[in-house]
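What follows is a set of notes on a single structure, which appears directly below.
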Amino acid sequence: MLTARVDRELLAAFDAVAEGRGGRSALLRTVLQQSLKHVADAPRIAPRADSAGNRVSLTFTDVETAVIDHRAAERGVDRAGWIKALVRRHIALKAGVDDGLRDAVAPIRMQLQRIGRNLNQAMKAGNAAMMADSGLQIDRELRRIADMREEINEQIEALAAVLRGETAFWEVAD
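Start counting at 1 in the sequence shown, then tack on 1395, and there's your number in my numbering.
Structure representation (structure tokens):
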């Protein structure tokens, strides 16, 4: 099998010539055979043993390509990287998070953890003040701090799930 990338104009010109000569494949075979006759005396170089034999070619509509490009940009990867990650996810290989996302999420998670520690210290200080019979009425403030701490902990867990390779992003209905 042979794959070649050509621009639309060249392909249109090739198709116009191929129309009366059996189609693209037939014309391409003829052109290749004639080209090989012209270089029959040229030295032969053995093909590389490690050629990429596992290549897959896909054809998408313009709308599909636009959606793929948009989704890839959301993930910070190129089109091919997004498609590879999608396929690997669906066949349960390498379901981890891409490095770009991990690098973006890790500092945010660390900052949330710092905020959570600060809230814990505020809670401890508030509880200590209440126990000392200081007469301060800080119950309402302590509830607000507890709610914030709970929200922070939920966000930290969500980011931790991302860093662990949470792949819900890739899940689609069967």
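Glycine included, C-beta positions come from ideal geometry on N, C-alpha and C.
Endpoints, the alpha helix (DSSP H) within which residue i is located
| i | result |
| --- | --- |
| valine 1482 | 1474–1485 |
| leucine 1397 | Unbroken run through leucine 1397: none, as it is neither H nor E. |
| leucine 1427 | 1419–1433 |
| valine 1462 | 1457–1470 |
| glutamate 1404 | 1403–1413 |
Candidates the options: closest to residue i by CA position
| i | options | result |
| --- | --- | --- |
| arginine 1450 | Thr1398, Gly1471, Ile1486 and Arg1443 | Thr1398 |
| asparagine 1515 | Ala1413, Lys1432, Ile1547 and Arg1424 | Ile1547 |
| alanine 1517 | Arg1504, Met1505 and Asp1534 | Asp1534 |
| arginine 1497 | Ala1555, Ala1435, Ala1421 and Leu1405 | Ala1555 |
| glutamine 1550 | Ala1501, Ala1527 and Lys1519 | Ala1501 |
| leucine 1453 | Met1505, His1433, Gln1532 and Val1482 | Val1482 |
C-alpha distance - residue i paired with residue j, whole-angstrom precision
| i | j | result |
| --- | --- | --- |
| aspartate 1410 | alanine 1499 | 47 Å |
| arginine 1466 | lysine 1479 | 13 Å |
| alanine 1441 | glycine 1418 | 31 Å |
| glutamine 1429 | valine 1401 | 20 Å |
| valine 1412 | aspartate 1457 | 26 Å |
| phenylalanine 1455 | glutamate 1552 | 37 Å |
| threonine 1460 | arginine 1539 | 47 Å |
| arginine 1474 | alanine 1523 | 56 Å |
| glycine 1476 | arginine 1470 | 10 Å |
| proline 1438 | histidine 1485 | 45 Å |
| valine 1462 | serine 1420 | 31 Å |
| leucine 1422 | arginine 1443 | 27 Å |
| leucine 1405 | aspartate 1436 | 29 Å |
| alanine 1408 | valine 1472 | 34 Å |
| methionine 1505 | lysine 1519 | 21 Å |
| leucine 1537 | glycine 1521 | 7 Å |
| glutamate 1414 | arginine 1424 | 14 Å |
| arginine 1403 | histidine 1433 | 28 Å |
| glutamine 1532 | methionine 1526 | 11 Å |
| leucine 1427 | aspartate 1464 | 35 Å |
Residue burial classification, residue i (beta-carbon count within 10 angstroms, cutoff 16)
| i | result |
| --- | --- |
| valine 1557 | buried |
Original post:
Taking three-plus beta-carbon pairs below 8 Å as touching, is the segment 1538–1552 in contact with the segment 1510–1518?
Top reply: yes
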